[in-house]
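A.B. asks:
Number of protein chains: 4
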Amino acid sequence: MPKIVDEQMREATRQHILREAAREFARLGFDQANINLIAEQAGIGKGTIYLYFENKRALFLAMLRSIAQRQLTAIRAALAIKGTFQQRLERLFCAFAQLAEEDSDSFNVYMSALYGVNRAFQAEATKLLRDYIAVIALVLEESQARGEISCQNVEAAALMVLSLTESYVLSAKVLGQSEQAICQQAELVARLVLGGLTSSKG
Amino acid sequence: MPKIVDEQMREATRQHILREAAREFARLGFDQANINLIAEQAGIGKGTIYLYFENKRALFLAMLRSIAQRQLTAIRAALAIKGTFQQRLERLFCAFAQLAEEDSDSFNVYMSALYGVNRAFQAEATKLLRDYIAVIALVLEESQARGEISCQNVEAAALMVLSLTESYVLSAKVLGQSEQAICQQAELVARLVLGGLTSSKG
Amino acid sequence: MPKIVDEQMREATRQHILREAAREFARLGFDQANINLIAEQAGIGKGTIYLYFENKRALFLAMLRSIAQRQLTAIRAALAIKGTFQQRLERLFCAFAQLAEEDSDSFNVYMSALYGVNRAFQAEATKLLRDYIAVIALVLEESQARGEISCQNVEAAALMVLSLTESYVLSAKVLGQSEQAICQQAELVARLVLGGLTSSKG
Amino acid sequence: MPKIVDEQMREATRQHILREAAREFARLGFDQANINLIAEQAGIGKGTIYLYFENKRALFLAMLRSIAQRQLTAIRAALAIKGTFQQRLERLFCAFAQLAEEDSDSFNVYMSALYGVNRAFQAEATKLLRDYIAVIALVLEESQARGEISCQNVEAAALMVLSLTESYVLSAKVLGQSEQAICQQAELVARLVLGGLTSSKG
DNA sequence: GATGAATGAGGCTTCATTCAT
DNA sequence: GATGAATGAAGCCTCATTCAT
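Protein chains in written order, with my numbering: chain A, 832 to 1033; chain B, 832 to 1033; chain C, 832 to 1033; chain D, 832 to 1033.
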């Protein structure tokens, strides 16, 4: 019984499909993406995809969650290293820039789900957005506890940080800026946030 | 021959189609939106749309430009009123919040085109993004000339302002916040930007 | 406005589709029948069928009802002519034989729906069976009123008549008998029924 | 090598598959029935079925023959008991009613093959129909030899008997009648047949 | 110019069958 | 012999687009 090997094989295939799906979904969006093409590019038969995912929608959601997990992991890792608030913000910013560069498919499809109109995935996308906010809010609270910053409305502040990192990086990428060019703004952005959150009323 | 009246009539119909199209595209996205339904809701025949727009894609692009124009007009209006940099930023922020509330269809479809994955509209979306940046950059340069702020990289700064206004409002809307709740953050955001752009290095 | 002509045209096309559908459904059954082929044989485009029928199932049901109506009309016509009970039974029998010969597609598809296993159409098929029984029961009651026959359980008697006509003809056809050969049994069958229904207890 | 045990095992599995197949085919018909589901319900692997039957069609035919054999056995048993023609007819009728009740899956699938449209099985179905007719004809001839009845065309008479028994029971079942209610008609039906076959011309 | 009936390419999905283990 | 993962043919249906009226 090569059960464990089979299980590993199965998981490997699943991940492989998810990767190819991310490529296509990132390239064309949910509707234009073609299941047959995804299968072909994954080197498997058309029907095989349905052994791993119930349907196109389920594949998309699984991919979305997989991406979210990977991204959140990267974000958490970037924020895990201790340091001043300013340093952590810079690392967060650069982490986004790196994700946008190295795993741009995922970054695009994730952003698209978050900000695209496809209502079919809005509920899921909102959930993911809340996860992001939560991670950032945690850092804000830590820093506040340490007296580095002072903010009354943590959620609003977290939203600002998110907009200034994730959305900023996305827009910059859309405008054709390189990862390097984007990262050079890390310090500025971080200082901007810090400045805003240390003023009397923030 | 009432040539001019005909021309007015034609333009009125065109605008009417664009409005109904915006509703559908905002509701369902480009792919899921149904041309037949748009025609029906516009009270015209299926074929008539093709007398005004070459195809679905052209209709979408025309709608996108129409929306962009309307939004840019609103933004320019908000920034036209003179005042301190802080005041203008607050007005810009609230203008976005108002657009997101009162013309949410347009706001959604525009954001979707900007950040959605459909590569088919990426070129156009980038153009629109540059327009936004340009409007904001203009204000930044004016303020810099007046000595209110100091920033080395105007485009980066404009991108930050955009992220902190447009993207912030979009995310906040996604999270279910009301226009009022969003607007309450205007002062904070504006101060944050101002703080960041008056520091030594910005 | 050629509204009436259009309406006639539409109805003609509808009937045309129903006829071709009957051919295919009779030949292959519901599942094996191919919508594309039906369209092709009807000389129309694939999608056109869906302008007339919501889906394959709806097409099948419409065809079934159309056939049932045609057959019931033929049955009613055969029974409308006055005469002795024996004569009317003979005409009923021959009417079935003729239907089985001249409109064998319809006869087959109708029988199949009635006795086939496809549960999806069982409810409708049962309705049709009741219609048949009702028509026969009416004749039985008339004849009973005239004192020609005497039967306690009209539904059971009607079922016998139906079995001895419709089912008999179907079986005979399956066995390869000609319409003529089948019709020659009309007198015998009719006498059999008459004999059974005039005995003391019937 | 326990060759015989193996052979018995194989035959047992074969029968087991046939029983499960009958359930599914009766429930859904040939096309809608799912080979995978049959395998699952039989507690064997998908591929295993193909070690016992060449393909879906062969499985269906084997099942059909198996059912026919079982039913014919029941019919022969019912007719084997000596008695008057009337008594034997009543027993035949009740035998059908019982089969329809106790082995309704088989009864349904058999009737469906007999009267359903799927031409793919028409040849086989006709063969089965002839078997039925033959069994009944045998009884008719015996009774004729004994002088109980008199009929010129034995096949036509057998077909009538079949219609009045098998088809009658099927229709009655479709209309929702219970086995008991159906069996109550046995005497009437038998007398009807007897009356018809003892008249001068039958 | 306006219409909407007709079209048919295209895509998701199912499932009988195969074959490596 | 038994298995079930993999396959891909096949089919229903949608909808952007055309064109005769």
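Where a beta carbon is used, it is the ideal one built from N, C-alpha and C, also for glycine.
1) For a cutoff of 8 Å on Cβ pairs, would you count residue 1033 of chain B as touching chain A?
2) How long is the line joining the alpha carbons of residue 930 of chain D and residue 941 of chain D, rounded to whole angstroms?
3) As a quick exercise: from D/847, D/985, D/963 and D/1016, pick the residue whose alpha carbon is nearest that of residue 972 of chain D.
4) Answer with yes or no whether the minimum CB distance from residue 942 of chain A to chain B is below 8 Å.
5) Closer than 9 Å by beta-carbon distance: list the chain C residues that pair up with residue 957 of chain D, in chain order.
6) Give me, in chain order, the residues of the same chain whose beta-carbon lies closer than 7 Å to that of residue 936 of chain D; leave out the 5 immediate sequence neighbours on both sides.
7) Starting from the N-terminal side, write out each stretch of the alpha helix (DSSP H) that is 4 residues or longer and does not extend beyond the segment 989-1033 of chain D.
8) Secondary structure at residue 844 of chain D, three-state DSSP: helix, strand or coil?
9) Compute the Euclidean distance between the alpha carbons of residue 1024 of chain C and residue 964 of chain C, then round it to the nearest angstrom.
10) Are residue 928 of chain C and residue 1000 of chain C close, meaning C-beta to C-beta below 8 Å?
11) Please determine if the segment 977-993 of chain D and the segment 950-966 of chain D are in contact, where contact requires at least 3 C-beta pairs separated by less than 8 Å.
12) Helix, strand or coil for residue 1035 of chain D, going by three-state DSSP, please let me know.
13) Under 8 Å between C-beta atoms, does residue 895 of chain C make it to chain D?
14) Any beta-carbon of chain A closer than 8 Å to the one on residue 999 of chain B?
15) Looking at the secondary structure, which residues open and close the alpha helix (DSSP H) in which residue 961 of chain C lies?
16) Would you identify the three-state DSSP class for residue 983 of chain A, choosing helix, strand or coil?
17) Taking all protein chains shown into account, do 16 or more other C-beta atoms lie within 10 angstroms of the C-beta of residue 841 of chain B, making it buried, or fewer, making it exposed?
18) Exposed or buried, residue 882 of chain D, counting other C-beta atoms within 10 Å across all chains shown (16 or more means buried)?
19) Using a Cβ-Cβ distance under 8 Å, would residue 994 of chain A count as near chain B?
20) Using 8 Å as the threshold, is the segment 917-926 of chain B in touch with the segment 1015-1029 of chain B, meaning 3 or more CB pairs across them?
21) For a contact meaning CB atoms closer than 8 Å, what does residue 858 of chain A contact in chain B?
22) Return the Cβ separation of residue 861 of chain B and residue 891 of chain B in integer angstroms, given the expectation that the two are a contact with Cβ distance under 8 Å.
23) Considering residue 940 of chain A, what are the terminal residues of the alpha helix (DSSP H) in which it resides?
24) Within the present structure, is the beta-carbon of residue 1018 of chain B separated from the nearest heavy atom of the ligand COA by less than 7 Å?
25) Give the straight-line distance between the Cα atoms of residue 899 of chain A and residue 959 of chain A, rounded to the nearest whole angstrom.
26) Residues in its own chain within less than 7 Å of residue 949 of chain B by CB, not counting five upstream and five downstream?
27) Check whether the Cβ of residue 966 of chain A lies closer than 8 Å to any Cβ atom in chain B.
28) What residue does the alpha helix (DSSP H) around residue 887 of chain A start on, and which one ends it?
29) Is the beta carbon of residue 947 of chain B less than 8 Å from the beta carbon of residue 998 of chain A?
30) Relative to the C-alpha of residue 1008 of chain D, which candidate in C/926, C/987, C/1003 and C/1015 has its C-alpha closest?
31) Which whole-angstrom value is the C-beta distance of residue 945 of chain C and residue 954 of chain C, which I expect to be below 8 Å?
32) In chain B, what lies closer than 7 Å to residue 1002 of chain A by C-beta?
33) Once you ignore the five residues that flank residue 865 of chain B on each side, which residues in its own chain have a CB closer than 8 Å to its CB?
34) Should residue 924 of chain D be labelled buried (16 or more other beta-carbon atoms within 10 Å of its own) or exposed?
35) For residue 867 of chain D, which of helix, strand or coil comes out of DSSP?
36) For residue 860 of chain C, name the three-state secondary structure that DSSP assigns.
C.D. replies: With the structure as the only source:
1) Only weak support is given to the placement of residue 1033 of chain B: the predicted model assigns it a pLDDT of 38, under 50, and the value that follows is read from those uncertain coordinates. It does: the Cβ of residue 1033 of chain B has a partner Cβ on chain A nearer than 8 Å.
2) 11 Å
3) D/985
4) yes
5) 1005, 1006 and 1007
6) 853, 854 and 857
7) 999-1005, 1010-1014 and 1017-1029
8) helix
9) 15 Å
10) yes
11) yes
12) Outside the modelled stretch of chain D, which goes from 832 to 1033, sits residue 1035 of chain D, for which no answer is possible.
13) no
14) yes
15) 953-976
16) coil
17) exposed
18) exposed
19) yes
20) yes
21) 948 and 950
22) 6 Å
23) 935-946
24) As for the ligand COA, it is missing from this structure, which has no ligand bound.
25) 7 Å
26) 861
27) no
28) 887-911
29) no
30) C/987
31) Incorrect: roughly 12 Å between the Cβ atoms, too far for contact.
32) 960, 990, 993 and 994
33) 855 and 859
34) buried
35) helix
36) helix
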